[in-house]
Structure formats: C-alpha cells, structure tokens
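Asker: Below: one structure in structure tokens.
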Amino acid sequence: MARITFIGAAGVVTGSKHLLETDAGTRVLLDCGLYQGLSELTQRNWTPPPVDPAHLNAVLLSHGHLDHCGYLPALVQQGFGGRIYCTSATADVTELVLRDAAGLQEDEAKRASRHPERGLHTTPLYTTADVEKVVPLFSHVEYGQMCTDLPGCTFRFSDAGHILGSEIMEIFFEHKILVFTGDIGRYGRPLLRDPTPIAQADYVLAESTYGDRLHPQSDPQDDLCTVINASLGRNGVLVIPSFAIGRTQEVLYAIGQLQAANRIPACAIYVDSPMGIAADDIMERHPEATRFDLRQRFGAGDESIGAKHVTNVQTQADSIKLNDLSSNAIIIASSGMAAGGRVLHHLRNRLGRANDTVCLVGFQSPGTLGQQLLAGQKHPKVMGVPIDVHATIAHIDGFSAHADRSELLRWFGNFTSSPRTFIVHADPGPAASLAAAVASQYHINATPAQQGEVVEIK
Ligand SMILES: [Zn+2]
Numbered sequence: 001m002a003r004i005t006f007i008g009a010a011g012v013v014t015g016s017k018h019l020l021e022t023d024a025g026t027r028v029l030l031d032c033g034l035y036q037g038l039s040e041l042t043q044r045n046w047t048p049p050p051v052d053p054a055h056l057n058a059v060l061l062s063h064g065h066l067d068h069c070g071y072l073p074a075l076v077q078q079g080f081g082g083r084i085y086c087t088s089a090t091a092d093v094t095e096l097v098l099r100d101a102a103g104l105q106e107d108e109a110k111r112a113s114r115h116p117e118r119g120l121h122t123t124p125l126y127t128t129a130d131v132e133k134v135v136p137l138f139s140h141v142e143y144g145q146m147c148t149d150l151p152g153c154t155f156r157f158s159d160a161g162h163i164l165g166s167e168i169m170e171i172f173f174e175h176k177i178l179v180f181t182g183d184i185g186r187y188g189r190p191l192l193r194d195p196t197p198i199a200q201a202d203y204v205l206a207e208s209t210y211g212d213r214l215h216p217q218s219d220p221q222d223d224l225c226t227v228i229n230a231s232l233g234r235n236g237v238l239v240i241p242s243f244a245i246g247r248t249q250e251v252l253y254a255i256g257q258l259q260a261a262n263r264i265p266a267c268a269i270y271v272d273s274p275m276g277i278a279a280d281d282i283m284e285r286h287p288e289a290t291r292f293d294l295r296q297r298f299g300a301g302d303e304s305i306g307a308k309h310v311t312n313v314q315t316q317a318d319s320i321k322l323n324d325l326s327s328n329a330i331i332i333a334s335s336g337m338a339a340g341g342r343v344l345h346h347l348r349n350r351l352g353r354a355n356d357t358v359c360l361v362g363f364q365s366p367g368t369l370g371q372q373l374l375a376g377q378k379h380p381k382v383m384g385v386p387i388d389v390h391a392t393i394a395h396i397d398g399f400s401a402h403a404d405r406s407e408l409l410r411w412f413g414n415f416t417s418s419p420r421t422f423i424v425h426a427d428p429g430p431a432a433s434l435a436a437a438v439a440s441q442y443h444i445n446a447t448p449a450q451q452g453e454v455v456e457i458k
C-alpha cells in the first residue's frame, strides 16, 4: 500500500519535506526544505531524514524558498543522486537561493570557530561545493506537462502564484491522485498569475501559513504611495527592508506604477541587494511564469521591473557610499525582516535620523529586528550596538506572497471531489483553523498533519 510520511513542516512553517512511497517501490520526496527561525527548529537540520537519501528516486520541488529547497545540498551530501523536478524558473531561483545560503552558512561556521564558547556548529551544514553538485540534478518540467520519468507514478505542475516558478503538484499513482500545494499565492496580483484551480484529488497536502488570518483590504500600492510621499515630504531617505526574491520585484513594480501616474515625486531609487538584482533578471527571463512578458511591457534594457531612476548597487563599497545620502532617495535592501544582510548597516546609520523613514513590508517574525521596530522599541541593538530610534517606522502588510484564509478557502472551492486533506506548513493554530473551515464549508475531511505521521493511501 502506498503511503505518505510527514518528515517536516508538520505543525511548523519551515522544513517542508513529505515522503511518498508507492506500492511499486518508488520513493519521492515532496520538497526538501530547511528548518528556519528558532534554534530548537534549526537544530533539526542536523538530524538526517528518516529515509536513506541514496534510496530516493527523486525530489519534486514546489518552489525556491529556502524552507522548501534549502536542505537539497545536505541531501546530496548524504548520497542522493536522483533527479530534482521543478519548473525552469524554480531551478534558477533555487540555485540563487542555495548559493546565498551556503555562503551564509560558511560565514556562520567561521564565526562559530572564532567563538567556541558559544557551542555553535563550527562546520557548515553544507558549502558552495555541495550546491555545485545539486545544480546538475535539476530536470525542468514546464507547467501543464505530464512527466512520466518515474516508475509507477506520473505528475504534472501548475502555477501556484506564490513566487516565480512556484508549482502546485498533481501526482498520479495506483489510480489515486495526490495534490501538494507547495505554498499558495494570492489572487489578482500584478506580476504573478492566480493560483491554478484543481478539481480532482483523492488526497491533498495543503499549506496554511495564513489559515487563520485575513490580509488587509487596502491596495499595497496605495499604502506605498502614502509612505513614499510622507517620507520624502520630511526631506529624508526611505529605507525598505525587503526580501530579495519576489518582494523586491513587487515593490519596484509598484514604484514604477506610481511614477507613471505621477503620484510620487522624482527621487533616486537604489536596489542595494545583489541577490535582488539577480532575481529581477531571472523574472525577466521567465515570461512563462509571469502574468505578462516583462521585457515586452517595459522595453529592452529596462532592468528594474518598470521603475525608473533605479541604481543597482552591487559592491559593498558602493553600498556604504549610500550613507552620504540625506534626502529624496529610496533604498531597498535585504533582508525583509532586517534579520541580516546589507539593510542592517543602513538601519544602523539611519534609525537615529529624525528625517528618515524605515518601512517594514509584510510579516515580521518574533525576535527579528523588524519585529522589534514594529513593536516600537526605542533602543534596539543593530549589529550588536544599541541605537536610539528617531526615524519614523512605517508598515505595509499587503505585499504578502501567501494566500490568506479567504484565498485558501477560495482555492479549496474548486474541488468537485472531497479529498482527504492534511494541513501542512502551518503553526498549530492556523492549521486547526483552516482544517475546521474546510470541513464545515466543503465537507472535506481535513486534519493538521503531525510530525512523523504515516498515512496509508487506500
Ligand atoms: Zn514560499
């Protein structure tokens, strides 16, 4: 009898890994994500998964966020040599993300070696050399194409609308259909398409990151317009901490729309994120994964998703030069929750300036600098140094890449069958809340997946 084992992202929102074993002996890992956040979770990355990677036939990868793809180099290091199936856009995003992650882990291991008293890992979980071994394993499967490579099971991907290249998977085996959502995106976003409706399934593994919450009704582009005008009106500089992939492109697109409509004054825009600049390029190379062809819409040579007066800042030295700006500029820099990256030195430099503004975009995890600023802390530590906050702190919540409760329920409304549903990739509250809503609204038997739970497919 075929079975599914929930290896990760059960009761939590990171570490996405689900094992499908068919009667024919095919073993497929759905996602291969890293645990992130609190140390009790990241510690789990050091325990090998309960399946011999050498005996896995393949990994089906839903998208290139680290919590879905970030364990791949470790899996390869442990003997996995099968194919990694995903869209070509996901392969490009994943390579970019893994190279960055390996570099960060190498840096962390070096720091840990200098401070053995802290008891942290002095060898990285994986290195750039391990990432090099992952890249040749990618097999591209385009949206809608039925892949028949694996014995005893076929599968196809459709657009999840979450980030560039993201997929919902339909897996067909032994007269059953298993659907895995990966992460589900939003409806009506400007750059990405709506999540693809699926009508038929026997089993569903569905994410529920925002299963108990609704996103704000206001248009994030309007909110950004308000923040930009207020910031520049104070004769200051606006700093936007932003995720490099997805978020930076959405913010640039929104700025471009506001510029075209003359809703914001002329100002200089700096994208201070080599990874964000690379992600712009990947997005422009994959019109099959966007709502429209960005290169045609914005013309050849436009590197900035429609925004004008944009300077891409590549080097650390040029990044530091931005400290001299005193007004009429916007700096977009990683990371999105101000938990690391170049944005930290901008915050250290600008939080004390009364004319400047820091605009946090989206959810800010507990413990991050972004969350401390949002909570109104006046003396947070930035790069280990306490800073007196005099800058204005703004917040825009509408740029989320995840479907909220109403959007998840809208997607479930497409089923004409009643698939047995397991909620994954959610904290316990949102998981239970969405399971109850799906059950009451659509009479679908839905329960939160438990860590290590094995489900027999009957
Ligand atoms: Zn994601």
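Sequential numbering from 1 applies to the sequence shown in our numbering.
For each residue, glycine too, the CB sits at the ideal point set by N, CA and C.
(1) Among H55, V13 and I330, whose alpha-carbon lies nearest the alpha-carbon of E21?
(2) Taking just the CA atoms, how far does P419 sit from D481?
(3) Examine ligand 1 and report whether any of its heavy atoms sits within less than 8 Å of the Cβ of H18.
(4) What do you reckon, is the C-beta of A401 under 8 Å from a heavy atom of ligand 1?
(5) Using the beta-carbon count (16 or more within 10 Å), is P448 buried or exposed?
(6) Thinking just about the alpha-carbon of each residue, which of A2, T5, A10 and M1 is nearest to the one in G429?
(7) Using the C-alpha atoms, what's the distance from F422 back to A437?
(8) The alpha helix (DSSP H) with P48 in it runs from where to where?
(9) What alpha helix (DSSP H) runs, 4 residues minimum, are completely inside the region 420-453?
(10) Just tell me which of P366, L347 and S365 has its CA closest to the CA of C359.
(11) Among L434, E453 and I171, whose alpha-carbon lies nearest the alpha-carbon of A446?
(12) What residues match up with K17 in a beta bridge as DSSP calls it?
(13) Helix or strand or just coil, what does DSSP make of K458?
(14) Hey, how far is the Cα of G64 from the Cα of L192?
(15) Assuming the contact rule is C-beta atoms closer than 8 Å, T248 and G165 should be a hit. Round their C-beta distance to whole Å, please.
(16) At a cut-off of 8 Å, is S166 close to ligand 1 when judged by its beta-carbon and the heavy atoms of the ligand?
(17) Tell me whether Y253 sits in a helix, a strand or coil according to DSSP, three-state version.
(18) Which residue from Q451, D427 and N414 puts its Cα closest to that of Q441?
(19) Check whether the region 366-377 touches the region 331-341, taking contact to mean three or more Cβ pairs, one atom from each stretch, closer than 8 Å.
(20) State the DSSP-derived secondary structure class of V503, mapped to helix, strand or coil.
(21) Nearer than 8 Å: is that true of the beta carbon of G182 relative to any heavy atom of ligand 1?
(22) Mapping DSSP to helix, strand and coil, what is R263?
(23) For the putative contact between Q200 and I177, defined by C-beta atoms under 8 Å, what is the C-beta separation to the nearest angstrom?
(24) If you run the structure through DSSP and keep just helix, strand and coil, what is K110?
(25) How about N235 and S327: do their beta carbons lie closer than 9 Å?
(26) Would you report the Cα separation of I255 and F412, rounded to the nearest angstrom?
(27) Mind checking whether P190 and Y253 have CB atoms under 9 Å apart?
Answerer: Taking the definition as stated:
(1) Your numbering for residue 21 matches position 21 in the sequence shown. In this structure, H55 is the residue among H55, V13 and I330 with its C-alpha nearest to the C-alpha of E21.
(2) In the structure as shown, the chain starts at 1 and stops at 458, and residue 481 therefore has no counterpart that could be examined.
(3) Residue 18 sits at position 18 when you count from the first residue of the sequence shown. For H18, the CB stays at least 8 Å from every heavy atom of ligand 1.
(4) Counting from 1 along the sequence shown, the entry for residue 401 is found at position 401. Yes.
(5) As a first step, residue 448 is located in the sequence shown; it is residue number 448 there, counting from the start. Buried is the label assigned to P448, since at least 16 other Cβ atoms lie within 10 Å of its Cβ.
(6) The count along the sequence shown starts at 1 and reaches residue 429 at position 429. Restricting attention to A2, T5, A10 and M1, the CA atom closest to the CA of G429 is found in A10.
(7) Along the sequence shown, read from residue 1 onward, the residue named residue 437 stands at position 437. Along the sequence shown, read from residue 1 onward, the residue named residue 422 stands at position 422. Their backbone Cα atoms lie some 13 Å apart in a straight line.
(8) As a first step, residue 48 must be located in the sequence shown, where it is residue number 48. For P48, there is no enclosing alpha helix (DSSP H), as DSSP gives it neither H nor E.
(9) Here the runs fully enclosed are 428-442.
(10) Walking along the sequence shown from the start, residue 359 turns up at place 359. Of the candidates P366, L347 and S365, the one whose C-alpha sits nearest the C-alpha of C359 is L347.
(11) Position 446 of the sequence shown, counted from the first residue, corresponds to residue 446. Out of L434, E453 and I171, L434 has the C-alpha closest to the C-alpha of A446.
(12) Counting from one through the sequence shown, the residue named residue 17 turns up at place 17. Checking the DSSP bridge columns, you'll see K17 partnered with G8.
(13) Position 458 of the sequence shown holds residue 458. Correct three-state label for K458: coil.
(14) What you label residue 64 is simply residue 64 of the sequence shown in a count that begins at 1. What you label residue 192 is simply residue 192 of the sequence shown in a count that begins at 1. Roughly 15 Å separates the two Cα atoms.
(15) The residue you call residue 248 lines up with position 248 of the sequence shown. The residue you call residue 165 lines up with position 165 of the sequence shown. The Cβ separation is near 16 Å, so there is no contact.
(16) As a first step, residue 166 is located in the sequence shown; it is residue number 166 there, counting from the start. S166 Cβ: within cutoff of ligand 1.
(17) Walking along the sequence shown from the start, residue 253 turns up at place 253. Reduced to three states, the DSSP call for Y253 is helix.
(18) Along the sequence shown, one-based indexing puts residue 441 at 441. Checked all of Q451, D427 and N414; the closest Cα to Q441 is N414.
(19) Contact between the region 366-377 and the region 331-341 is present, with at least three C-beta pairs closer than 8 Å.
(20) Outside the displayed range of the chain (1 to 458) lies residue 503, so it cannot be described from this structure.
(21) Here the question's residue 182 lines up with position 182 in the sequence shown. G182: yes, Cβ under 8 Å from ligand 1.
(22) For the purposes of this step, residue 263 is taken as the residue at position 263 of the sequence shown. Coil, per DSSP.
(23) Taking the first residue of the sequence shown as 1, we reach residue 200 at position 200. Taking the first residue of the sequence shown as 1, we reach residue 177 at position 177. That pair is a contact at about 6 Å.
(24) As a working mapping, residue 110 is identified with position 110 in the sequence shown. Residue state, collapsed to three classes: helix.
(25) To locate residue 235, count along the sequence shown from 1; it is residue 235. To locate residue 327, count along the sequence shown from 1; it is residue 327. The Cβ atoms of N235 and S327 lie closer than 9 Å to each other.
(26) What you label residue 255 is simply residue 255 of the sequence shown in a count that begins at 1. What you label residue 412 is simply residue 412 of the sequence shown in a count that begins at 1. Rounded to whole angstroms, I255 to F412 spans 33 Å at the Cα level.
(27) Residue mapping note: residue 190 aligns to position 190 of the sequence shown, counting from 1. Residue mapping note: residue 253 aligns to position 253 of the sequence shown, counting from 1. Judged by their CB atoms, P190 and Y253 are nearer to each other than the 9 Å cut-off.
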